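Asks: In this text, residue positions in the sequence shown follow this note's numbering: the first is 8, and each later residue adds one.
Ideal Cβ positions, reconstructed from N, Cα and C, are used throughout, including at glycine.
The structure displayed is predicted, hence computed values, not measured ones.
Handing you a structure now.
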Amino acid sequence: MILKNITINKMKYKVLIFGLMALALSCQPKTEYDKLKERELASGRVVEDLFLDLRFGMGRKEFFATCWEHNKNGILTNGAHYLQIEYKPEVPSGKSVRMNFYPQFDDNHLYFMPMEFQYDSWFPGNENFTNDKLLVDVLGLLKEWYGEDFLEVSNKSKTVKAFVRIDGNRWIRVFIKDMTTVRVEMLDLRIKDIADMTNNRDEA
């Protein structure tokens, strides 16, 4: 009987601890990013447009057919990059930039589009082609495509920053990946949340 009471008390204690932890988390103030995300998801607005006639929800066959048409017109090519499709967008500075992309599909529906940007003329030590300048160019391009409202966010330790825009279900994140590359990720929040994509890594 004594052992049984001890076990019950331990269970009650664990339940109490978990309850207090949940309460503490729920009482934490929401960030501007949290508020933006909640507001956009609650709006019920559906935004599927990405770029170059590509969109969330399209199947593999339609995606490749669209890219093939752009390839025939000289707009897209096969790039020497793990994101295999290459595009040469016009960025605000006028510098030559490569944009490589290749999507992920869920049940034959496009839901995630990663893109990586690099200057063609980058080489070490050239201050005209730093990743900071590339970030400005990429943000300028995306603002032309999607609008001005990109929110700057950072991870908990403030060591990584990114710029985020959310339009209904369409989530966009822009960040410096390394010394030569700026990465852009576009996610359909109807399918997955970014937390599902990052495996709880400490990212912005």
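1) When DSSP labels each residue in this structure, what does Thr-84 get in the three-state scheme?
2) Mind checking which residues open and close the beta strand (DSSP E) that includes Ser-161?
3) In terms of DSSP beta bridges, what is Tyr-126 paired with?
4) Between the segment 123–131 and the segment 103–114, can you find at least three pairs of beta-carbon atoms closer than 8 Å?
5) Spatial neighbours of Val-100 within its chain, please: C-beta separation below 6 Å, excluding the five flanking residues on both sides.
6) Using DSSP with H/G/I as helix, E/B as strand and the rest coil, what is Val-189?
7) Can you tell which of Asn-115, Leu-61, Gly-86 has the C-alpha that lies nearest to the C-alpha of Ile-198?
8) From this set, Leu-194, Met-186, Phe-182, Asn-176, which residue's C-alpha is nearest Val-54's C-alpha?
9) Classify Asp-156 as buried or exposed, calling it buried when 16 or more other Cβ atoms lie within 10 Å of its own Cβ.
10) Can you tell me whether DSSP reads Asp-113 as helix, strand or coil?
Replies: According to the structure data:
1) Strand.
2) From DSSP, the beta strand (DSSP E) with Ser-161 extends over 158–161.
3) Its beta-bridge partners are Val-104.
4) The segment 103–114 is in contact with the segment 123–131.
5) The sequence shown places Ser at residue 100, rather than the Val named in the question. Asp-144.
6) Strand, per DSSP.
7) For the residues Asn-115, Leu-61, Gly-86, the minimum Cα distance to Ile-198 belongs to Asn-115.
8) If we check each option's Cα against that of Val-54, Asn-176 comes out closest.
9) The residue is exposed, with fewer than 16 neighbouring Cβ atoms inside 10 Å.
10) Asp-113: strand per DSSP, three-state reduction.
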